[in-house]
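Going letter by letter, the sequence shown gives residues -10 to 220 in our numbering. Step one of this worksheet: look at the structure below.
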Amino acid sequence: MRCRHGSVLALLIVAVTVTTFFWVPSPHRFRENEVDDLAYQFLRLHERLQVMEEESLKSSRNLGNLLHDLRVAVSLKRNISINLTDFSRWKEINNTAQHKNPPTILNVLLPHLKRHESSLYPNVLVGQQRSGVSLVFGIPTVKREKESYLMETLKSLLFELTKEEKDDSVIVVFIAEVDVMYVNGLAHAIKNAFPQDVEAGLLEVVSPSFGYYPDFTNLRETFGDSKERVK
């Protein structure tokens, strides 16, 4: 009987030892898991970089196509002679139309501006208010929690423009924010980054006047969005 009990005990010890050997992970196995995890993260990062590179190339091509179309438009404009009589007639009609009531669409979309009509005029933060040009580029921007591509967009656009195009264009950056500190800080950064273009009148920075936006505290929530998202 004792011999039998001893045999059973010996078998149990062997079984526990073998199970522990196969089930308890070794430091070497931990290191392999870490290497696999790092390799997976590297592949994901590589994929994201490829996607970003493709998006950057696509944006660059679109910008090039746009500049080409604008150059064609400017060339056509310069080759068209304007009849002075027709121009004077158009000017007379335009002056007459200015004395009529403003479009009712403003009263529908921006009813709060009835009390603050002067709010339709933006605050010019940076620029020489150049006029009489053939091309006006409008670049709107808002405050973002993550990285903004405003500076890169301006650098790319200014790099692509020729000297002749720069002399006949205006780039207007519209900072659609009411946070005075943020607006002034961004305007100052743009002025420091492109001093020559600002001085030449090519680059301007504007922001909405204080009464341009409605009262954000009374906005209606739509599409299930929160008030913060509606803003």
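All C-beta atoms, glycine included, are put in the ideal place defined by N, C-alpha and C.
Between the region 114 to 134 and the region 146 to 166, the count of Cβ pairs shorter than 8 angstroms is three or higher; the stretches touch. Taking C-beta atoms under 8 angstroms as the contact rule, Leu114 and Ala176 qualify, at a distance of about 4 angstroms. Using a Cβ-Cβ distance cut-off of 8 angstroms, the region 137 to 148 and the region 97 to 106 are not in contact, since fewer than three pairs of beta carbons, one from each stretch, lie closer than that value.
Under the three-state reduction of DSSP, Ser145 is assigned to helix. By the neighbour-count criterion, in which a residue is buried when 16 or more other Cβ atoms sit within 10 angstroms of its Cβ, Gly174 is exposed.
Annotated three-state conformation of Phe163 is strand, per DSSP. The beta carbon of Thr142 lies closer than 8 angstroms to those of Ile128 in the same chain, with the five residues before and after it left out. Minimum Cα-Cα distance from Gly116 among the listed residues Glu188, Val122, Gln30 corresponds to Glu188. Within the DSSP bridge table, the entry for Asn112 names Ser196 as partners.
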